[in-house]
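Novice:
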Amino acid sequence: MPLQTNTNVPPYYDDYNPLNDFYRVMYRPGYPVQARELTQQQSILQNQISTLAERFMKEGDNIVPGEYGIDVPVPYVRLSSITQGSTAQDFVGYTITGVTSGVKAKVDFATAETDDDDITLFVTYDDSGNTEEQATFTEGEILTSDTPNLYTAAVGVNEVSKPITSPPMGQGTLFNVAEGWFFVDGFMVRNSADTIALDKYSVTPTCQVGFLVTEGFVTSFEDPSLLDNATGSSNYAAPGADRLQINLTLTKKELNYEPYTGTITPQTESPNFITLCTVIQGNIQGKPGDTVKWQWLYDVLAKRTFEESGDYIVTDFPIKQLEYPNTDSTNMGVFDADEDGLYPPVPFSGSTDPISFADAEAKYSVQVSPGTAYVQG
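Each residue of the sequence shown is one higher than the one before, counting from 132 in the working numbering.
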């Protein structure tokens, strides 16, 4: 997508238009250089770079390794209170210990308190504590820490800790991305390493994960490092040119997912969002980091393979017949009955009405295991 920020505004006046077919700014002796000319020179070069890059890359493509992945399940602990003056982030990277249980855990990530949720710590348990059976903290117990200020906290209590719909301790889902560079708005834009919670209190989130793109101008008033750094000159520390900044913020968008039809629709549309991946019920769809930046080359290779060898199977796809209704622990049926004793309709049949046991028993399921085949190259 093109740059969203309008640069043809005071005091920049960048009125570059590629339809004018200008490719160089030709400065002349005896004439002062205009700020507009310097800005247009940058725009001409940027247009050349982005036009070439778009031949090989699409919006959101990963340029330099910015690997990402889902972390599930991750134990969480909700807190009812912490030492006054401390924050959730003060515990990250340190070890907390349960005074009652003796359990120890390292805090890997934390989220602040909101109107709906208490402070939540995502941890890795290191020590089972006073007894081998005690694997987690206990509700309401005091936690000490090895933070420099020795902050303390209290574990939440069931049906009191927010939200009351989930226990104060359980498992959630995190998403991590490493530092990298992505193709955004015709620019190669850096992202910082970051982590977000896809679902604090569930291991089966369904959402789109990506970057929220924000653009804006930065002045020397906002960033003093832009002041002239020519120490010893008369212009030292004087204001000068502003900067155009592009930031990538890791975020998620909720999805509506219909498991029987496989239909996926976003709940909201955002023009400033680029997608990294889609997560369905806790699983990343497709290969993490996979892009189509070289799709034209892939197409050439696929055409050549098909012309030489046609369609063929490299490793078989084992097929196994299974029962449709799951009636007990031994028949290995695929679908469970609901509280009314009814079963889901046949997936992708177009029907959303549940079926009776008699209808379900008359059907069977087919399990296809992974294999490898080349179709159309």
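Even glycine gets a Cβ: it sits at the ideal position worked out from N, Cα and C.
1) Relative to the alpha-carbon of Trp312, which residue among Ile295, Pro196 and Lys494 has its alpha-carbon at the smallest distance?
2) Over the uninterrupted alpha helix (DSSP H) stretch that includes Tyr256, give me the two end residues.
3) When the distance is taken between beta carbons, is Val291 closer than 8 angstroms to Leu210?
4) Can you tell which of Ser276, Val164, Thr214 and Ile377 has the C-alpha that lies nearest to the C-alpha of Val230?
5) Any chance you could list the alpha helix (DSSP H) runs of at least 4 consecutive residues sitting entirely within the segment 363 to 396, in chain order?
6) Taking just the CA atoms, how far does Thr296 sit from Gln426?
7) Beta carbon of Thr228, beta carbon of Leu183: below 8 angstroms?
8) Could you give the distance in angstroms between the alpha-carbon of Asp202 and the alpha-carbon of Ile377?
9) At the level of alpha carbons, what is the spacing between Thr251 and Leu329?
10) Could you name each continuous beta strand (DSSP E) segment of 3 residues or more that falls completely within the segment 147 to 195, going from the start of the chain to the end?
11) For the alpha helix (DSSP H) containing Phe488, name the first residue and the last one.
12) Which value, in whole angstroms, describes the spacing of the CA atoms of Val506 and Phe448?
13) Following the continuous alpha helix (DSSP H) through Glu439, name the residue where it begins and the one where it ends.
14) Does the segment 302 to 319 come into contact with the segment 261 to 272, if we say contact requires no fewer than three beta-carbon pairs (one atom in each stretch) closer than 8 angstroms?
15) Should Ser174 go down as buried or exposed, given a rule of 16 or more other Cβ atoms within 10 Å for buried?
16) DSSP state of Ala219, grouped into three classes?
17) Unbroken beta strand (DSSP E) runs of length 3 or more, entirely within the segment 265 to 308: which are they?
18) Helix or strand or just coil, what does DSSP make of Ser356?
19) In three-state DSSP terms, what is Pro204?
20) Please identify the residue among Asn322, Asp248 and Thr278 whose C-alpha is closest to the C-alpha of Pro294.
21) Does DSSP classify Thr503 as helix, strand or coil?
22) Which class does Gly420 belong to by DSSP, given the choice of helix, strand or coil?
23) Using a threshold of 8 angstroms, state whether the C-beta atoms of Thr326 and Phe222 are closer than that.
24) Inspect the beta-carbon positions of Pro206 and Gln302 and report whether they are closer than 8 angstroms.
25) So, Ile486 versus Tyr474, is the Cβ gap smaller than 8 angstroms?
26) Name, in chain order, the residues that DSSP records as bridge partners for Phe314.
27) How would you call Thr394, buried or exposed, if buried means at least 16 neighbouring beta carbons within 10 angstroms?
28) Spatial neighbours of Val238 within its chain, please: C-beta separation below 7 angstroms, excluding the five flanking residues on both sides.
29) Is the separation between the beta-carbon of Glu346 and that of Gln177 shorter than 8 angstroms?
30) Nearest by alpha-carbon distance to Met157: which of Pro149, Ala166 and Gln172 is it?
31) By how many angstroms is the C-alpha of Asp471 removed from the C-alpha of Gly420?
32) Beta carbon of Leu343, beta carbon of Thr382: below 8 angstroms?
33) Could you spell out where the beta strand (DSSP E) holding Glu454 opens and where it closes?
Specialist: According to the data block:
1) Pro196
2) No alpha helix (DSSP H) contains Tyr256, which is instead part of the beta strand (DSSP E) from Ile250 to Asp258.
3) no
4) Ser276
5) Counting only runs of 4 or more, we get nothing.
6) 46 angstroms
7) no
8) 28 angstroms
9) In this model, Thr251 and Leu329 are separated by some 13 angstroms (Cα to Cα).
10) Segments of the beta strand (DSSP E) lying fully in the segment 147 to 195: 193 to 195.
11) Segment Phe488 to Glu492, the alpha helix (DSSP H) holding Phe488.
12) Taking the straight line joining both Cα atoms gives about 14 angstroms.
13) Gln426 to Ser440
14) no
15) buried
16) Reduced to three states, the DSSP call for Ala219 is helix.
17) If only complete runs of 3 or more residues are kept, the segment 265 to 308 shows the beta strand (DSSP E) at 273 to 276, 284 to 286 and 300 to 308, in order along the chain.
18) helix
19) strand
20) Asp248
21) strand
22) Bear in mind that a pLDDT of 49 at Gly420, under 50, signals an unreliable position, so the number given afterwards is only what the model happens to contain. In this structure, Gly420 counts as coil in the three-state DSSP scheme.
23) no
24) Taking C-beta atoms as the reference points, Pro206 and Gln302 count as a pair closer than 8 angstroms.
25) yes
26) Met319
27) Exposed, since its Cβ has fewer than 16 Cβ neighbours within 10 Å.
28) Phe222, Val223, Gly224, Tyr225, Ile227, Leu252 and Val254
29) Going by C-beta atoms, Glu346 is not nearer than 8 angstroms to Gln177.
30) Gln172
31) Note that Gly420 has pLDDT 49, beneath the 50 cutoff, so the model's placement of it is unreliable and the number below is only indicative. Approximately 43 angstroms, taken between the alpha carbons.
32) Note that the C-beta distance between Leu343 and Thr382 is below 8 angstroms.
33) Ile450 to Glu454
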